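Student: Can you keep this structure in mind? I'll have questions shortly.
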Amino acid sequence: MSGNILIHLIFSIILSFVVHLLLHETGHMLAGLLTGWKLVYIQLFNLAIVKVKSSYQIKIFKTRNYQCIMVPKNIDTNPFIYTLGGFIANFLSAITCLPIIISTIMSCNIILTFLYSWSFLVMGLGFCFMNGIPRIDRICNDMACYRLIKHDSLTRHCHNTQLIAAKLLN
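This is the structure:
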């Protein structure tokens, strides 16, 4: 039985990681769409959904990235919600596991449900810490980007200009 649980533990960690990557980038996309931004592409690993004229196509890219590139309505559009959309998606999805974990602890006989819920919660909180604690070591994470664009209008304009350029280059 312990070997079986170890296999489930490894699988639950990998599955939680992939699902939270998808949720994170989808969170950016949904937040952007809700605030009037237009999707350029969303990429997970080598696969991307790309806006081509008035339709969407699935394309395979040579690079492995995890990103959601959207374009604002104009250069002055507020990017705050779009920027934090991934963080919000990871946080909300992670805390949805708390009731499941609490109920399985109390019943003590649903080990696999607890294991998968625990992995999903921990991975979601990990994504929240990774993106919610401002960091600009090699690349600007979501919270650092949010703080930079919130406090400096020039940075906000550069941010939006970069996304408009990405659309034109696409």
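Counting in my numbering, the sequence shown runs from 28 upward without gaps. The beta carbon of each residue, even a glycine, is placed where N, CA and C say it ideally should be. Keep in mind that this is a model prediction, so the values were computed, not measured.
(1) Residues in its own chain within less than 7 Å of Phe-88 by CB, not counting five upstream and five downstream?
(2) Skipping 5 residues on each side, what residues in its chain have a beta carbon closer than 8 Å to that of Lys-115?
(3) Based on the DSSP output, what are the partners of Val-45 in its beta bridges?
(4) Quick check: the Cα distance between Gly-153 and Leu-42, rounded to an integer number of angstroms?
(5) Anyone know if the C-beta pair for Cys-155 and Phe-118 falls short of 9 Å?
(6) Give the range of the alpha helix (DSSP H) segment to which Cys-167 is assigned.
(7) Quick one, are the C-beta atoms of Thr-188 and Ile-102 less than 9 Å apart?
(8) Please list the terminal residues of the continuous alpha helix (DSSP H) segment that includes Arg-183.
(9) I'd like the list of long-range same chain contacts for Leu-148, defined as Cβ closer than 8 Å, with 5 residues on each side in sequence excluded.
Tutor: According to the structure data:
(1) Answer for Phe-88: Gln-70, Asn-73, Ala-75, listed in chain order.
(2) It should be noted that the sequence gives Ile, not Lys, for residue 115. Excluding residues within five positions, the ones whose Cβ falls inside 8 Å are Gly-54, Ala-58.
(3) Note: Val-45 sits in no beta bridge, so no partner.
(4) Looking at the two C-alpha atoms, the distance is approximately 14 Å.
(5) Taking 9 Å as the Cβ cut-off, Cys-155 and Phe-118 qualify as a contacting pair.
(6) Element bounds for Cys-167: n/a, residue is neither H nor E.
(7) Against a cut-off of 9 Å, the Cβ pair of Ile-102 and Thr-188 comes out as a contact.
(8) That run of the alpha helix (DSSP H) goes 180-196.
(9) When the five nearest sequence neighbours on each side are left out, the beta carbons in the same chain lying within less than 8 Å of the beta carbon of Leu-148 are those of Ala-121, Ile-122, Cys-124, Leu-125, Ile-128, in order along the chain.
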